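Just so we're on the same page, this note's numbering is the position in the sequence shown counted from 1, plus 1.
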Amino acid sequence: MPRRNPPPPRRQPMREVDFLPSWYVRMRRRRRLLILQVWATLALAAGIIAWSLLIARNTRVAAQTLNALRDQVAQTNAQLAQMERLEGLRRQWRQKAEALSRMGLHVEASRVLGRIAEVMPRELALTSFSMDIEETARQTTGAARVAMKEQAAAPVDRRLRVTLAGAAPTDVELATFLTELNKIPFLEHVAPTYARDRREGGHLLREFEVTFTINLNCPEG
């Protein structure tokens, strides 16, 4: 039999040899850790900045809302103060009207004051009023003068002139008041003397004066 050649010996695997020095490997590892730390720090800083901006925005919005609420409260307080002042003037005017009624001034004066209180808009307030009786000699014909020769005194025309002064928020309330006064049948010659602007407590008011007369003559009959 032919002789077989023995199999060639197996080659041992070559071991990988790391030619890099150990200090370089450690430096690369530290460098990777440093880069990771830098990125983590940047991400954390970005998050903190975004959170700070959000807080600043919310704080600014809250401050604006608070200022708006304060302005509304201040405006409401001013309006309430104005309403209280007008209501106080209205009470004073009614007290004066009651006092005049108790003093026994002509019955027409008490009646007109009551009617004015009824038709006056709630937003309007009177600051003063005066009443004067005007007497003027009547113009008579010759026949009437002969018929009245025996009378002790010449006939006179008696009228009660009323002057009202007050304040209204706008011209609308003033116009409403004048319209209602003209509807009262026993008031004559209702007319405004003046109407002008007046600023009080940061608010613009319409200051006015109105006059009218009441016939005090006994009906002829």
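The beta carbon of each residue, even a glycine, is placed where N, CA and C say it ideally should be.
On a predicted model such as this, the values are computed, not experimentally measured, just so you know.
Could you give the residue range of the beta strand (DSSP E) that holds residue i?
| i | result |
| --- | --- |
| F209 | H204 to N216 |
| R160 | V157 to A169 |
What is the DSSP secondary structure of residue i, counted as helix, strand or coil?
| i | result |
| --- | --- |
| L188 | coil |
| M132 | strand |
| G105 | Because G105 sits at a pLDDT of 43, beneath the cut-off of 50, its placement in the model cannot be relied upon, and the point is left open. |
| R27 | helix |
| R112 | helix |
| E85 | helix |
| L175 | helix |
| G222 | For G222, the pLDDT reaches just 48, beneath the cut-off of 50, and the residue's location in the model is therefore unreliable, although a value from the coordinates is still provided. DSSP places G222 in coil when its eight states are reduced to three. |
Nearest to residue i by alpha carbon, out of the options?
| i | options | result |
| --- | --- | --- |
| T177 | D198, L35, E124 and L70 | E124 |
| L205 | E181, R139 and Q83 | Q83 |
| R95 | G115, D72 and L81 | G115 |
| D158 | N218, Y25, F209 and A64 | N218 |
| R92 | L67, A69, A118 and V191 | A118 |
Measuring only from the beta carbon, is residue i closer than 7 Å to any heavy atom that is part of the ligand ATP?
| i | result |
| --- | --- |
| G48 | This structure does not include the ligand ATP; it has no bound ligands of any sort. |
Mind checking who residue i pairs with in its DSSP beta bridge?
| i | result |
| --- | --- |
| A196 | F209 |
| A138 | V157 |
| E201 | H204 |
| L127 | G167 |
Report yes if the CB atom of residue i is closer than 8 Å to the CB atom of residue j, and no otherwise.
| i | j | result |
| --- | --- | --- |
| V163 | T212 | yes |
| R197 | A168 | no |
| L179 | I215 | no |
| V120 | E181 | yes |
| E210 | L175 | no |
| A126 | L81 | no |
| G203 | A69 | no |
| P156 | R139 | yes |
| N183 | V173 | no |
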